[in-house]
Structures are given as C-alpha cells and as structure tokens.
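One structure below.
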Amino acid sequence: MTGDSLEFSFGSWLNAPAHHAWLMDEGRRLLAFARAARLDEGFGNLDAQGYLPPQATAETMNTARMTHCFAMAHVQGIPGCLPLVEHGVAALWGPLRDATFGGWYATAQQRDGNSGKAAYLHAFVALAASSAVVAGSQDAPGLLAEAIRVIDTHFWSEEEGALRESFARDWSNEEAYRGANSNMHGTEAFLALADVTGDSRWLERALRIVERLIHQQAAGNGFAVIEHFDRQWQPRRDYNEDNPADGFRPYGTTPGHAFEWSRLLLHLEAARRAAGLQTPEWLLEDARELFAGACRHAWAADGRPGVVYTLDWENRPVVSERLHWVHCEASATAAALLRRTGEPQYETWYRRFWDFNELYFIDRLQGSWHHELDAHNRPSARIWGGKPDLYHAYQAVLLPCLPLAPSLASALARHFAPKTAV
9 MTGDSLEFSF GSWLNAPAHH AWLMDEGRRL LAFARAARLD EGFGNLDAQG YLPPQATAET
69 MNTARMTHCF AMAHVQGIPG CLPLVEHGVA ALWGPLRDAT FGGWYATAQQ RDGNSGKAAY
129 LHAFVALAAS SAVVAGSQDA PGLLAEAIRV IDTHFWSEEE GALRESFARD WSNEEAYRGA
189 NSNMHGTEAF LALADVTGDS RWLERALRIV ERLIHQQAAG NGFAVIEHFD RQWQPRRDYN
249 EDNPADGFRP YGTTPGHAFE WSRLLLHLEA ARRAAGLQTP EWLLEDAREL FAGACRHAWA
309 ADGRPGVVYT LDWENRPVVS ERLHWVHCEA SATAAALLRR TGEPQYETWY RRFWDFNELY
369 FIDRLQGSWH HELDAHNRPS ARIWGGKPDL YHAYQAVLLP CLPLAPSLAS ALARHFAPKT
429 AV
C-alpha cells in the first residue's frame, strides 16, 4: 500500500507484495460484511451471521467506529463508503447527541436508559469526526468542532493531564473513578486531532496521558498496565474482582491494552518528531517493555496458543477467553515495532499473530471475524456475542502498510492523494 521498501537484514512480510495484497483483500471482505450494520439512527451490532437482530439499536460506539472505518475506506478509493460516512456523521449530529446539554449518549434516544456521558465514547466521536473531515464529509467539520468543545469543556483535566471518566447527563455527578481505557482511546483520538487541526496541544496532551499511565504507573508495575484508579489516581487493584470478565472494566490486567498502548507510544513518538517537538527516548523503550511483557505473560498462558483476556497481579490467567481485538492489536503492534526497530523478533511475533488470526479468528464461512474464542480456541460469546466491531480488525489490516505518522486517515489520504501530472 505504501509502495516503500523497508530495509531489513531478513525477508519481511512488510515488504512482501503478496502479504500486502492479502491484507487489502481481507480489508475489503471486512467492509462488505459491515455494511449491513446500518440502521436509520446510526449503526448497530451485527450477529454472528452478519444480520441485525430484530431489536437492534444504534449505538454511539459502533456508529463512531463504523464512521471512522468507512471514512478510511473512502479515502482509499473504495466506492459506496462516503454515503455511509455521511450517515454516521448525521447520526452523531442527531439521535445519538444530547441537544440540550451537549455530548453523546451511549445509544440513540437513550434507549438503554443510560443518559450519562462517558469519556470513552467521546474519544471515538472525536476520532470519527476527524476521519470524516479527512474523507470530505460535508458536516464533519462542525461535528469535529463540537467534539473538541465537549472534550475541552468537560473531559480534559489540565491539572491531572488526563481525561475525567464520566458524568451525569447535565455534567453533574462526576464519577469517582479514573480509567486507563478511556485515556488510551483519548490518546488515539488526540493523535488524529493533531493531524486534522494542525494544533500541537493535542500531542502535548497525549504525552501527559502517556507519562502518567505508562511511564509512571505501568513502569512501576512491571509494565503491566494498571486499568483502574480512584479520583486521586491511586490504583484500585480489586476493582471488579467479582465481575472479572467485564467487557470494558475487567479485573486485573488486560494484555491487549499493553499491546495497544505500545503501538500508541510509537505513533506518538513519530508524530512528535514530525512536528519538531521534544520527544522522550523512553517512548520507544516503554513500548518495547509493554510488548515484551504482554507476550511473555499472556501468550499461551494457559498452555494453549493465543493471548488470554486478563491476568491477575501475579500474571496468572483470570479470564482465558481470546478476544479478537487483542490479537488485532498484537499483530499491529508487532508490525509497528518491526517498522521502528528492524529487529527480527518482531517479525517472528507478527507472523505468529497473523497465523493465529487466520487459523482461529477469521471466519471464512459466515464472514468477518469471530469476536471471541474460548480457552480451547472455539467460537464463544461469554464476553462479546456476535460480530459488531469492524474497527479493530480493519485497522489491523491497514496499519502494517502505513508509516507510524501521521495517524491512519491522514496517512491514507497522503498515500492516495491524486498525483500531479508532469
């Protein structure tokens, strides 16, 4: 996709035309499956066969993620995707948004009974809006401006250098909790915002988040990411001990997030260098340590191949299900470290993860990917039923072919921009 040949002392899949073609074919297959998720009020969650259940409801998370992915597809030149981007932008402007107090609900018209405002969801709205701007969506600039306003007004804490977690509908009753997951996706969104707006404050904010959660907290915990904190940023190690398989706030450590953070550190390093900003050397070293720890402790932790969902504080498996997003992030991060360092150990892991994904996760019969496998690598639905999520898998097939900066939509736009005739 990039057309560039990376210099390695060994043969790499990142230089293999057949591998690039395979990734692009898989991306088109994922997009074809995901189109069926469209609802009048946004995008819903598809079942394992690729159908919307009878009572499917548009959700902000899926609508934002789908909008982001279809925007990237449009930038690549895949027909039929811009109308889906416009549909997503309209939904985020309309039934998913609180027109009275501002911000976004979890579901259209609060149909789940939850009127609260969560940083996690708002990070995805900002990401979707930034990608839709790159794609040329007519109403995306206004959506982007509103997402930035809400983040600046309510979620960003300049004192803490991180995102606040959640509020009631009217922005009262701030939750007495701080989360690594919302701040991780905030970091991802801030990288995209920096590219689209040209404002380097987003890179400064991203660095402050990373300093707190990774260079201080995770580094002091053997580079296992601490997920849950109180409002004073004291770790809550027993959080959800009685609900260890929670899909968003599980107990213990989540190796998939160590992979994801590792990759984001490399993107942040590349973005800051490209912007001419001071760039700490520890970004690379911390990225290495996060990846190494997740591989060492979580791969085949129960004696079978695959990365387990969670570990306890002694690095023993708690929830052994294998989730597709974890393996998407693992393969993408191996590619990022390989691109950054040229070291063969990352090639080995990159191939191992993709072989595992092809063998177990990719569903060649009914389409897309199984979202969850049990401890024996058979399709399961303990945590995530159906196939609602395009985001992780689609990014996983794009990231190995692109530079570490700029962020995804901007990088695709740069690559696929029309060439000036000579």
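Note that the sequence shown covers residues 9 to 430 in my numbering. The beta-carbon is built from N, C-alpha and C at its ideal position, and this holds for glycine as well. Just so you know, these numbers come straight off a predicted model, no measurement behind them.
Item to check | Cutoff 6 angstroms; reference A295; Cβ partners in own chain excluding five residues on either side | outcome: Leaving aside the five residues that flank A295 on each side, the residues in its chain whose CB is nearer than 6 angstroms to its CB run, in chain order, S270, L273, L274.
Next on the checklist: Can you find the residues in the same chain that come closer than 8 angstroms, C-beta to C-beta, to S418, ignoring five residues on each side of it along the sequence?
Outcome noted: Excluding residues within five positions, the ones whose Cβ falls inside 8 angstroms are V142, A200, D203, V204.
Checklist entry - Secondary structure at A429, three-state DSSP: helix, strand or coil? => result Low confidence applies here, because A429 scores a pLDDT of 47, under 50, leaving its location unreliable; read the following figure in that light. Residue state, collapsed to three classes: coil.
Checklist entry - Any idea what DSSP makes of G11, helix, strand or coil? => result A caution first: G11 carries a pLDDT of 46, below 50, which makes its placement in the model unreliable, though a value can still be read off. G11 falls in the coil class under three-state DSSP.
Checklist entry - Would you report the Cα separation of G111 and L151, rounded to the nearest angstrom? => result Using only the alpha carbons, I get a separation of about 11 angstroms.
Checklist entry - Do P263 and A306 have their C-beta atoms closer together than 7 angstroms? => result Yes, they are a contact pair.
Next on the checklist: Are the CB atoms of I391 and A253 within a distance shorter than 7 angstroms?
Outcome noted: Judged by their CB atoms, A253 and I391 are nearer to each other than the 7 angstroms cut-off.
Next on the checklist: Mapping the DSSP letters down to three states, classify T65 as helix, strand or coil.
Outcome noted: In this structure, T65 counts as coil in the three-state DSSP scheme.
Checklist entry - Short check: CB of A79 to CB of V93, under 7 angstroms? => result A contact, by the Cβ cut-off of 7 angstroms.
Checklist entry - Which residue from R281, T161, H265 puts its Cα closest to that of C303? => result Comparing alpha carbon positions, the residue from R281, T161, H265 closest to C303 is H265.
Checklist entry - Which value, in whole angstroms, describes the spacing of the CA atoms of L47 and E166? => result Straight-line Cα distance between these residues: approximately 38 angstroms.
Item to check | P408 to W362 span [Cα, whole Å] | outcome: Those two C-alpha atoms are separated by around 11 angstroms.
Checklist entry - Going by the beta-carbon positions, is the gap between F51 and M74 smaller than 7 angstroms? => result Yes; because the gap between Cβ atoms is below 7 angstroms, this pair is in contact.
Checklist entry - Which runs of the alpha helix (DSSP H) fall wholly inside the stretch 199-228 and span at least 4 residues, in chain order? => result Listed in chain order, the alpha helix (DSSP H) runs fully inside the stretch 199-228 are 209-218, counting runs of at least 4 residues.
Checklist entry - Name the DSSP beta bridge partners of V315, please? => result Paired residues: W307.
Next on the checklist: Quick check on this structure: which residue in L406, L416, A425, S415 has the alpha carbon closest to the alpha carbon of A29?
Outcome noted: Residue nearest to A29 within the set L406, L416, A425, S415 is L406 (criterion: CA-CA distance).
Item to check | Of the residues F175, D147, A278, the one placed nearest E289, counting alpha carbons only | outcome: Of F175, D147, A278, the residue nearest in Cα terms is A278.
Checklist entry - Taking the alpha-carbon positions, what's the A116 to A340 distance? => result A340 has its alpha-carbon roughly 32 angstroms from the corresponding atom of A116.
Item to check | L221 burial status per 10 Å Cβ neighbour count (16 or more: buried) | outcome: The residue is buried, with at least 16 neighbouring Cβ atoms inside 10 Å.
Checklist entry - Of all the options V334, P352, S415, L373, which has the alpha carbon lying nearest to the alpha carbon of E380? => result Per the Cα distances, V334.
Checklist entry - Can you give the beta carbon distance from W321 to R422, rounded, assuming they're within the 8 angstroms contact cut? => result That pair is no contact at about 43 angstroms.
Item to check | Proximity below 7 angstroms, CB of A134 to CB of N122 | outcome: Cβ distance not < 7 angstroms, so A134 and N122 don't count as in contact.
Checklist entry - What separation, rounded to the nearest whole angstrom, lies between the Cα atoms of V430 and Y59? => result Residue placement at V430 is flagged as unreliable, the pLDDT there being 43, under the threshold of 50; the coordinate-derived value follows with that caveat. Cα to Cα, V430 sits roughly 48 angstroms from Y59.
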